[in-house]
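What follows is one structure encoded as structure tokens, with my remarks underneath.
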Amino acid sequence: MRRPLSRCILAAAALLAAGSGSALAQRPSTTNLTCAQARALVTRQGAAVLGTGGPTYDRFVRDRSFCEATEIGRRAFVPTRDTPGCFVGFTCYEPGRGDRFGDF
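The sequence shown lines up with residues -25 to -1, 1 to 79 when you count with mature numbering (1 follows the signal peptide of the UniProt record, and there is no 0).
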């Protein structure tokens, strides 16, 4: 009886591993997009998780309405295919004591 259970566990683990790899493969990278394409993607979707080169990524938003109620925004500049520092939108973060308004 133990063999079928262990096979089910192995099959479930394999499915989870396969699913997590496909999600990573679908994340657009800013280094493959032009500045206009990256900016348009964030503007169109409101919020998007984009790779920014290598294993790094972040969540970029169009405006504060895509942040949590306690968060504020910081301007986000990322490398794109045609621009080393392209403004794509904002990143959300929890403000410190002296930082109340962010960049919005």
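Note that the Cβ used here is the ideal one computed from N, Cα and C, for glycine as well.
- Task: Give the range of the alpha helix (DSSP H) segment to which Arg14 is assigned.
- Result: Start and end: Cys10 to Gln20.
- Message: Comparing C-alpha positions only, which one of Thr58, Pro30 and Tyr68 sits nearest to Val36?
- Response: It is Tyr68 whose Cα lies nearest to the Cα of Val36.
- Message: Tell me which residues share the same chain as Thr6 and place their Cβ nearer than 7 Å to its Cβ, disregarding the 5 neighbours each side in the sequence.
- Response: Same-chain partners within the cutoff: Gly28, Pro54, Thr55 and Arg56.
- Through-space distance from Ala13 to Arg2, alpha-carbon basis: Spanning the alpha carbons of Arg2 and Ala13 requires a straight line of approximately 12 Å.
- Alpha-carbon spacing of Thr18 relative to Ala44, whole angstroms: When rounded, the distance between both Cα atoms is 20 Å.
- Who pairs with Ser4 in a beta bridge, going by DSSP? Beta-bridge pairing by DSSP links Ser4 to Gly26.
- Query: Can you tell me the Cα-Cα spacing of Val63 and Ile47, whole angstroms?
  - Reply: Near 16 Å, if we compare the C-alpha coordinates of Ile47 and Val63.
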